[in-house]
Amino acid sequence: MQAEDRHIPVLLQEVVGFLEPWRGGRFLDGTLGLAGHAEAVLEHGADELLGLDRDSEALALAAERLAAYGPRVHLRHGVYADFPKYLAELGWQSLAGALIDIGLSSMQIDSPCRGFSFLADGPLDMRMDAQSGQSAAELLRSLSFEQLRDILARFGEEPNAAKIARAIVQKRLTTPITSTSQLAQLVEQCYPRQWRETARNHPATRTFQALRMAVNDELGQLERFLAAIVRYLEPDGRLCVITFHSLEDRMVKQAMQRWSRGCLCPPYVDHCVCAHHPEVRLLCKKPVQAQASELARNSRARSAKLRAVARLT
Ligand SMILES: C[S@@+](CC[C@H](N)C(=O)[O-])C[C@H]1O[C@@H](n2cnc3c(N)ncnc32)[C@H](O)[C@@H]1O
């Protein structure tokens, strides 16, 4: 199967419209995936592109897809929060544009062996980088009741967080929880039957999402990226961020609003202490979401939200 058949890029036209790669220059795709966005950026005139992904399988497929662009493309296996390190390796001081699209690729969701989905049985892994870090099964084995409850409540906004955490802690006394179907069934039993019969989503949806975010430190990655990226945008440099989770969208919204007021401080600083106050303009006041025509082709675009800014000075 070709890379382009394994994942349909979301909000593609909108991303290209904001990044304006026809201006030329150097671009970063921090979440390369199957390279749908990256290919469009190159096709529309970017001089060079640095693509990062923590998933080596995605990176290999992206490399095949982008091979025709030769030396214009630089690919690295790594996390997007570390982007300054990769720019320094290339000797790049600044960027004409940057994109992160921080969901899972369809290829990851659809591979039972990666453990992201409860729709098929597989090992409870959920690591985007299958070579490093702790799997979801390891977290379920080692975290305390309080830690599990807090992860489910915070990252999953799970109303039954305490009940599910307690069920996990009980279960593991006798049986290790190592498969996606085991966890899905355990969560299902924490919900009343009537709820299960009428709910729109599977009861395990929030638990799987929360664990995935914990396994991959997804909010930590976003926080580090947002703290650094504007300094690397050149005048008229563009940034696009696509999120699939309300917590992430809120972080992006708040950061972009702060930048548009001339402040690059991290969110926990009450009074601005920035040395530089670049002018940053919001390219959209509200997040851009997929139109009906896109949703008809790609239901996974349903929860995608795109926000974009331009650094003016
Ligand atoms: C939604 S897909 C990106 C799809 C891509 N835009 C395309 O057009 O094919 C997200 C990708 O980002 C990668 N990813 C997620 N978090 C990452 C991180 N912190 N650093 C690097 N890659 C990450 C995932 O492994 C996945 O391949």
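Each residue of the sequence shown is one higher than the one before, counting from 119 in the numbering used here. Glycine residues also receive a C-beta, built at the ideal position from the N, C-alpha and C atoms. In this text, all values refer to a predicted model and were calculated from it rather than measured experimentally.
Contact test: residue i Cβ vs ligand 1 heavy atom, cutoff 6 Å
i             : result
arginine 418  : no
serine 223    : yes
glycine 248   : Correcting the residue identity first, residue 248 is alanine in this sequence and not glycine. Checking the Cβ of alanine 248 against ligand 1 gives no.
tyrosine 198  : yes
alanine 422   : no
glycine 436   : The structure shown has nothing for residue 436, since the chain only spans 119 to 431.
glutamine 339 : yes
leucine 170   : yes
histidine 195 : no
aspartate 228 : no
aspartate 243 : no
histidine 155 : yes
alanine 176   : yes
histidine 125 : yes
histidine 367 : Looking at the sequence shown, residue 367 is not histidine but aspartate. No.
aspartate 219 : yes
aspartate 173 : yes
Within 7 Å, strictly: CB atoms of residue i and residue j
i                 : j              : result
glutamine 372     : alanine 199    : no
leucine 193       : glycine 169    : yes
isoleucine 360    : leucine 424    : yes
glycine 221       : leucine 137    : no
leucine 329       : alanine 254    : yes
valine 305        : isoleucine 269 : no
alanine 419       : glutamate 412  : yes
serine 223        : histidine 125  : yes
arginine 429      : valine 391     : no
arginine 267      : alanine 279    : yes
alanine 332       : cysteine 308   : no
proline 189       : histidine 162  : no
valine 406        : glutamate 175  : no
arginine 144      : leucine 217    : no
alanine 426       : cysteine 358   : yes
phenylalanine 236 : threonine 298  : yes
aspartate 247     : arginine 172   : yes
heavy atom of ligand 2 below 6 Å from residue i C-beta
i           : result
leucine 129 : Although ligand 2 was asked about, the structure shown includes only ligand 1 as ligands.
Check: Quick one: complete beta strand (DSSP E) runs, 3+ long, within the segment 380-405?
Finding: 398-400
Next item on the list: Write down every uninterrupted run of the alpha helix (DSSP H) in the segment 327-376 whose length is 4 residues or greater and which is fully enclosed by it, in chain order.
Entry: 336-350
Item checked: Stretch-stretch touch, CB-based, cutoff 8 Å, three pairs: the segment 142-155 with the segment 367-385 -> no
Check: Just checking, does the segment 316-336 make contact with the segment 260-274 on the three C-beta pairs under 8 Å criterion?
Finding: yes
Notebook entry, point to check: Is there contact between the segment 307-323 and the segment 259-266, where contact requires at least three CB pairs shorter than 8 Å?
Noted result: no
Notebook entry, point to check: Pairing CB atoms from the segment 238-256 with CB atoms from the segment 380-388, are three or more of them under 8 Å?
Noted result: no
Item checked: Uninterrupted alpha helix (DSSP H) stretches inside the segment 166-221 (no shorter than 4 residues) -> 174-184 and 201-208
Margin query: Which complete alpha helix (DSSP H) runs does the segment 247-332 hold, if anything under 4 residues is left out?
Written below: 254-260, 263-274, 279-290, 298-306 and 311-316
Item checked: Residue ranges of each beta strand (DSSP E) within the segment 405-429, 3 or longer -> 423-429
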